[in-house]
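Chemist:
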Amino acid sequence: MAANRIGIMDIRQIIQLKIKQCSNRKIADLTGIHRNSVNAYVQLIKAADISYEQLSDYSDEELLELFPIARTTDKVRYERLSENFEYYRKELKKTGCTKLTLWEEYRNRYADGYGRSQFNEHLNRWLKRVEGSGKLSHIAGDKLFVDYTGKKLSYVDKLSGEIIEVEVFVGILPCSGYTFVEATSSQKLPDFIGSMNRCLNFFGGVPKAIVPDNLKSAVTKASKYQATINKTFKDFALHYDCVVNPARAVKPQDKALVENAVKIVYNRIFYPLNKMTFFSLYDLNQELAKMLTQYNDYLLSHLKISRRQQFLDFEKATLAELPGENYELRFFRQATVQNMGYIFISEDKNYYSVPHRLIGKKVQVSYNSQSVDIQHNRQRVATHKRSFTAGKYNTVEEHLSSRHKFYSKWSPDFFEKLATPLGASVKEYVRVLIESKKYPEEAYKQSLGIINLTHSYEKKRINTACKYALEMSRYGYHIIKRILENKMDLVEKIPSGSTEDPSQNQITPHQNIRGAEAFS
3 MAANRIGIMD IRQIIQLKIK QCSNRKIADL TGIHRNSVNA YVQLIKAADI SYEQLSDYSD
63 EELLELFPIA RTTDKVRYER LSENFEYYRK ELKKTGCTKL TLWEEYRNRY ADGYGRSQFN
123 EHLNRWLKRV EGSGKLSHIA GDKLFVDYTG KKLSYVDKLS GEIIEVEVFV GILPCSGYTF
183 VEATSSQKLP DFIGSMNRCL NFFGGVPKAI VPDNLKSAVT KASKYQATIN KTFKDFALHY
243 DCVVNPARAV KPQDKALVEN AVKIVYNRIF YPLNKMTFFS LYDLNQELAK MLTQYNDYLL
303 SHLKISRRQQ FLDFEKATLA ELPGENYELR FFRQATVQNM GYIFISEDKN YYSVPHRLIG
363 KKVQVSYNSQ SVDIQHNRQR VATHKRSFTA GKYNTVEEHL SSRHKFYSKW SPDFFEKLAT
423 PLGASVKEYV RVLIESKKYP EEAYKQSLGI INLTHSYEKK RINTACKYAL EMSRYGYHII
483 KRILENKMDL VEKIPSGSTE DPSQNQITPH QNIRGAEAFS
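Numbered continuously in this note's numbering, the sequence shown closes out at residue 522.
#1: Name the two residues that bound the continuous alpha helix (DSSP H) containing N352.
#2: Is it right to say L138 is buried, meaning 16 or more other beta carbons lie within 10 angstroms of its own, or is it exposed?
#3: Of the choices P357, N341, V356, Q336, whose alpha-carbon is the least far from that of S348?
#4: Kindly give me the distance between the Cβ atoms of P248 and V213, rounded to whole angstroms, as I take these residues to be in contact under 8 Å.
#5: Hey, how far is the Cα of I165 from the Cα of Q312?
#6: Using a 10 Å radius around the Cβ and a threshold of 16 neighbouring Cβ atoms, would you call M278 buried or exposed?
#7: Under 7 Å Cβ to Cβ from E330, same chain only, skipping five residues before and after it: list those, please.
#8: Let me confirm a value: F390 is counted as buried when at least 16 other C-beta atoms fall within 10 Å, else exposed. Which label applies?
#9: Given a cut-off of 9 Å, decide if E317 and G173 are closer than it, judged by their beta-carbon atoms.
#10: When we look at the beta-carbon of G134 and count the other beta-carbons within 10 Å, is it buried (16 or more) or exposed?
#11: Roughly how many whole angstroms lie between the Cα atoms of M293 and R270?
#12: Measure the C-alpha to C-alpha separation of V432 and F346 and round it to an integer number of angstroms.
#13: So the candidates are R79, L104, G98; which of them puts its Cα closest to the Cα of E88?
#14: Might you give, ordered along the chain, the residues of its own chain that have their beta carbon closer than 7 Å to the beta carbon of V339, omitting 5 neighbours on each side?
#15: For the alpha helix (DSSP H) that contains T181, what are its first and last residues?
#16: What are the residues that DSSP puts in a beta bridge with F280?
#17: Can you tell me whether DSSP reads A229 as helix, strand or coil?
#18: Can you give me the C-alpha to C-alpha distance between V428 and R484, rounded to a whole angstrom?
#19: Do F205 and Y533 have their beta-carbon atoms positioned less than 9 Å apart in this structure?
#20: Is it right to say K236 is buried, meaning 16 or more other beta carbons lie within 10 angstroms of its own, or is it exposed?
#21: Across which residues does DSSP place H457 in a beta bridge pair?
#22: Look at the Cβ atom of Q189, then the Cβ atom of Y157, and state whether they are nearer than 9 Å.
#23: Who are the near neighbours of S225 in its chain, counting only those whose CB is closer than 6 Å to its CB and skipping five residues on each side?
#24: Considering only residues of the same chain and omitting the five flanking positions on each side of L472, which have a CB-CB separation below 8 Å?
#25: Does E169 pass the burial test, meaning 16 or more other C-beta atoms within 10 Å, or should it be called exposed?
#26: Does the Cβ of I13 have 16 or more other Cβ atoms within 10 Å, making it buried, or fewer, making it exposed?
#27: Nearest-angstrom Cα distance between L175 and K145?
#28: Look at N122 and K101 and say whether their C-beta atoms are less than 9 Å apart.
#29: Just the C-alpha distance for A445 and L492, rounded to the nearest angstrom, thanks.
#30: Using only CA atoms, which one of C24, T186, L450 lies nearest to F416?
#31: Is I17 buried or exposed, if buried means 16 or more other CB atoms sit within 10 Å of its CB?
#32: State the DSSP-derived secondary structure class of Y273, mapped to helix, strand or coil.
#33: Classify G343: buried if its beta carbon has 16 or more other beta carbons within 10 angstroms, exposed otherwise.
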């Protein structure tokens, strides 16, 4: 069977596990990637004659160059075989029937069919699925199961008296039963990744695979066979040199152990805590940590040993070392490059430049607290230091075309210099306008609009309009434009201190206006 193309993060996970000398079958089991896909990519790596250690230092672009061909599964051949599975199962119950005779019958019927080993592999996998998956066994340091409890804990807000419900995260190493529990504000991605960091630090090492239930923060799309992992969580796994292998949908046996652990946590931890009152999440977690210590030290009656002792005796040594630093949360987004050559990050309300040739294109954006990386077609096209200043244009000069480089110079001083030749009032009005706006780019665009009114009006008129407008409490391009359109700048005097908009309330004197004497 040919291999399906997999993502760059999956390729890195294969490389990491091969460095750990895992077999292809073990890698497929840990990652959820089809074994034939693992085999195919390992063969491609061998053909490149590059060590796995060297490949681990390759950039994404360099790795992708090794795997240029996207192959697809031979669906027709497999579907043709699968149509006969039920027939083969019945035949195998008959005296004298073997898988060899069934394969020979199959090849006589389909000359281009599978070879004997692949025929047996597909048939055995199907038979195993139909006849039962069997009892799961757990290997030390192999997997970490994580989930949230269905029930919640709570604390009381000191100021309002409001009862605040919180989520409870549970991580368990299935071989020893050693367990980590903590309360968090939510199940959202930042809280989930924070709990995962603290969980691995609590264990003092990293298992080969993390097995979450189908949490929204962990799994983008659930699947019975190969779920789609949240990119941030997959990036987390790469940082810790492990893989994510979610429990299969509608397969309760995959998560039975962690669910049983949750039930015990309810009895040993939740029940005593429900009799206490806490006034902060911190206080709740402090008490929870004490209860957790008792829980892990509790002597298991059937084994006469505690979970902690089992962990220390034979599981802790099997965990991989922690990296030097905790994983820092990285977000992944898709963005469209704007006409000015920037992408916009809504969280910070600021802009980052992209090469102008990509204007109108979709790009992939990933960022943490330190940097912003922008990719197009899996090629990195820009890297910026992350800024938290709202409205800031973060610019690399080379990214902009000649007509866009003008915008990179925008600043209060830049616009005051442009306004100076138009008159002192225009310069002052632009300065006040920029200071009055929450986001600088909004004021920059309006200031440019005022300066460009010179295309339609004399400089003297624009300066007079700005002088009158400075006496108002509101500032903006449209106020100046309406004053000029309604010729309010030509009126001899606008009352000093007036807060009204003359473009709305002043009327130019003309012969049809009657004074007070007309009504006496």
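Ideal placement from N, C-alpha and C gives every residue a C-beta, glycine not left out.
Modeler: So, to answer that:
#1: Locating residue 352 in the sequence shown gives position 350, where the first residue counts as 1. From DSSP, N352 is part of no alpha helix (DSSP H) but of the beta strand (DSSP E) over 352-355.
#2: Within the sequence shown, residue 138 is the residue found at index 136, counting from 1. Reliability of the predicted coordinates at L138 is poor, the pLDDT of 44 falling under 50, and no value is obtained from them.
#3: Sequence index remark: in the sequence shown, residue 348 carries index 346 (1-based). Looking at the Cα atoms, Q336 is the closest of the given residues.
#4: The sequence position of residue 248 within the sequence shown is 246, counting from 1. The sequence position of residue 213 within the sequence shown is 211, counting from 1. Indeed, because the Cβ distance is near 7 Å, the residues count as touching under 8 Å.
#5: The residue given as residue 165 occupies position 163 in the sequence shown. The residue given as residue 312 occupies position 310 in the sequence shown. The straight-line gap from Cα to Cα measures roughly 38 Å.
#6: As a working mapping, residue 278 is identified with position 276 in the sequence shown. Exposed, since its Cβ has fewer than 16 Cβ neighbours within 10 Å.
#7: Taking the first residue of the sequence shown as 1, we reach residue 330 at position 328. Cβ neighbours of E330 beyond the five flanking positions: N370, S371.
#8: By one-based count along the sequence shown, residue 390 stands at place 388. Its Cβ having fewer than 16 others within 10 Å, F390 is exposed.
#9: Locating residue 173 in the sequence shown gives position 171, counting from the first residue. Locating residue 317 in the sequence shown gives position 315, counting from the first residue. Result no, Cβ atoms of G173 and E317 do not sit closer than 9 Å.
#10: Start at 1 with the first residue of the sequence shown, and residue 134 comes out as number 132. Caution is warranted here: a pLDDT of 48 is assigned to G134, below 50, making its placement in the model unreliable, and no coordinate value can be reported.
#11: Counting from one through the sequence shown, the residue named residue 293 turns up at place 291. Counting from one through the sequence shown, the residue named residue 270 turns up at place 268. Using only the alpha carbons, I get a separation of about 8 Å.
#12: As a working mapping, residue 432 is identified with position 430 in the sequence shown. As a working mapping, residue 346 is identified with position 344 in the sequence shown. The straight-line gap from Cα to Cα measures roughly 26 Å.
#13: Residue numbering aside, residue 88 sits at position 86 when the sequence shown is read from its first letter. Comparing Cα positions, the closest option is L104.
#14: Within the sequence shown, residue 339 is the residue found at index 337, counting from 1. Excluding positions up to five away in sequence, the list reads I345, V356, L360, I361, G362, K363, V365.
#15: Along the sequence shown, one-based indexing puts residue 181 at 179. Here T181 belongs to no alpha helix (DSSP H); instead the beta strand (DSSP E) covers 181-186.
#16: Here residue 280 corresponds to residue number 278 of the sequence shown, with the count starting at 1. None; F280 has no bridge partner.
#17: Here residue 229 corresponds to residue number 227 of the sequence shown, with the count starting at 1. With a pLDDT of only 45 at A229, under the threshold of 50, the placement of this residue in the model should not be trusted; the figure read from the coordinates follows. DSSP places A229 in coil when its eight states are reduced to three.
#18: Translated into the one-based positions of the sequence shown, residue 428 becomes position 426. Translated into the one-based positions of the sequence shown, residue 484 becomes position 482. Using only the alpha carbons, I get a separation of about 15 Å.
#19: It is not possible to answer for residue 533, since the shown part of the chain is limited to 3 through 522.
#20: Against the sequence shown, residue 236 aligns to sequence position 234. The residue is buried, with at least 16 neighbouring Cβ atoms inside 10 Å.
#21: Taking the sequence shown and counting its residues from 1, the one referred to as residue 457 is at position 455. Paired residue(s): none; H457 is not in a bridge.
#22: Locating residue 189 in the sequence shown gives position 187, where the first residue counts as 1. Locating residue 157 in the sequence shown gives position 155, where the first residue counts as 1. No; because the gap between Cβ atoms is not below 9 Å, this pair is not in contact.
#23: In the sequence shown, the residue the question calls residue 225 occupies position 223. Residue placement at S225 is flagged as unreliable, the pLDDT there being 42, under the threshold of 50; the coordinate-derived value follows with that caveat. Around S225: no qualifying Cβ.
#24: Here residue 472 is taken as the residue at index 470 of the sequence shown, counted from 1. Correct list, in chain order: S427, E430, Y431, V434.
#25: Numbered from its first residue, the sequence shown carries residue 169 at position 167. Buried is the call here.
#26: Position 11 of the sequence shown, counted from the first residue, corresponds to residue 13. Answer is buried; the Cβ neighbour count reaches 16.
#27: On the sequence shown, position 173 is the one that residue 175 refers to. On the sequence shown, position 143 is the one that residue 145 refers to. If I take the Cα positions, the gap works out to 6 Å.
#28: The count along the sequence shown starts at 1 and reaches residue 122 at position 120. The count along the sequence shown starts at 1 and reaches residue 101 at position 99. Contact flag set, yes.
#29: Within the sequence shown, the letter at position 443 stands for residue 445. Within the sequence shown, the letter at position 490 stands for residue 492. Their backbone Cα atoms lie some 26 Å apart in a straight line.
#30: One-based indexing of the sequence shown puts residue 416 at position 414. Among C24, T186, L450, the Cα nearest to that of F416 belongs to L450.
#31: On the sequence shown, position 15 is the one that residue 17 refers to. Buried: at least 16 other Cβ atoms inside 10 Å.
#32: Within the sequence shown, residue 273 is the residue found at index 271, counting from 1. Residue state, collapsed to three classes: helix.
#33: By one-based count along the sequence shown, residue 343 stands at place 341. Classification for G343: buried.
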